[in-house]
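Asker: The structure that follows is given in the form of structure tokens.
Below, the structure written as structure tokens:
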């Protein structure tokens with residue numbers, strides 16, 4: 092199987108069977124075609140193995156989180172990349188492991204990957220604009236911020252962040268703190284990369300992110316975005332079917348007039364080329 096086929100095969104598994112780090116490394120493998128995914132998974136194995144003696148007899152969730160924080164952020168030196176947040180390498184797991192810098196979602200993937208190898212009940216939390224990690228302790232889960240050295244967060248912290256982002260009239264729903272599925276995490280990782288590449292006007296890479304995102308979500312909006320990015324990349328003939336399908340799938344779309352206008356321009360441009 093090639094990289095795309097392997098990516099699609101993995102994401103077609105049941106959620107509990109999906110290796111989050113393998114999926115993230117497959118995202119990176121399109122940028123690094125010769126990437127040795129197994130070698131990076133072995134490095135994550137080694138991190139967990141080095142920490143195993145320290146956590147083996149520990150039962151307290153807060154203490155376990157402290158041990159994992161100390162190992163990853165102090166001993167190994169993982170940290171948030173505040174100097175160059177939008178560097179694409181911050182979203183490519185092999186680069187994050189090599190450079191030991193990343194953004195909230197990629198550092199959280201490292202954290203979850205090492206922790207779950209130790210048997211810790213960790214999961215991602217796809218909170219708006221700031222990805223986090225939850226330790227699913229009973230009765231009260233712990234939340235932590237892998238971008239900020241594993242700092243513990245309370246629900247009140249998320250509530251404050253939410254109101255700062257969306258305004259004082261916004262309604263905070265605690266459901267935003269539920270554990271994210273592997274598909275949701277990988278979709279968010281790909282969206283981050285897509286937005287970075289669009290900002291850099293690197294449309295070939297943005298297209299590749301959008302294509303894979305559609306594998307993960309199958310959302311009409313992602314199909315529309317793929318069509319628009321294909322057009323920006325000069326692939327007019329490839330763009331048209333995606334925009335046509337979007338209009339068919341969402342006949343009452345709020346942006347229907349805009350998409351129809353773009354589609355008409357593409358079709359006219361193709362006629363001139365024929």
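Residue numbers (the numbering used here): 92 to 365. For every residue, glycine included, the Cβ atom is placed at its ideal position computed from N, Cα and C.
(1) When the Cα atoms are used, what is the spatial distance from residue 211 to residue 226?
(2) What's the gap between the Cα of residue 97 and the Cα of residue 139?
(3) For residue 234, write down the residues that DSSP places opposite it in a beta bridge.
(4) Here's a check: name, in chain order, each residue in its chain whose Cβ is nearer than 8 Å to the Cβ of residue 295, leaving out the five neighbours to either side.
(5) State yes or no: is the C-beta of residue 195 within less than 8 Å of the C-beta of residue 228?
(6) If you draw a straight line from the alpha carbon of residue 353 to that of residue 249, how long is it in whole angstroms?
(7) Please list the terminal residues of the continuous beta strand (DSSP E) segment that includes residue 129.
(8) Measure the CB-CB distance between residue 327 and residue 361 and report whether it falls below 8 Å.
(9) Here's the rule I'm using: 16 or more other beta-carbon atoms within 10 Å means buried, otherwise exposed. How should residue 92 be labelled?
(10) State the Cα-Cα distance for the pair residue 232 and residue 244, rounded to the nearest angstrom.
(11) Tell me residue 271's beta-bridge partners as DSSP assigns them.
Answerer: Short version:
(1) Straight-line measurement puts the Cα of residue 226 at about 8 Å from the Cα of residue 211.
(2) When rounded, the distance between both Cα atoms is 25 Å.
(3) In the DSSP output, where bridge partners are listed per residue, residue 234 has 225, 244.
(4) If we look at residue 295 and ignore the five residues flanking it on each side, its Cβ neighbours are 324.
(5) Not closer than 8 Å, so no.
(6) Taking the straight line from one Cα to the other gives about 39 Å.
(7) Segment 128 to 146 is the alpha helix (DSSP H) holding residue 129; no beta strand (DSSP E) there.
(8) Result yes, Cβ atoms of residue 327 and residue 361 sit closer than 8 Å.
(9) Residue 92 should be labelled exposed.
(10) Those two C-alpha atoms are separated by around 10 Å.
(11) Per DSSP, none; premise fails for residue 271.
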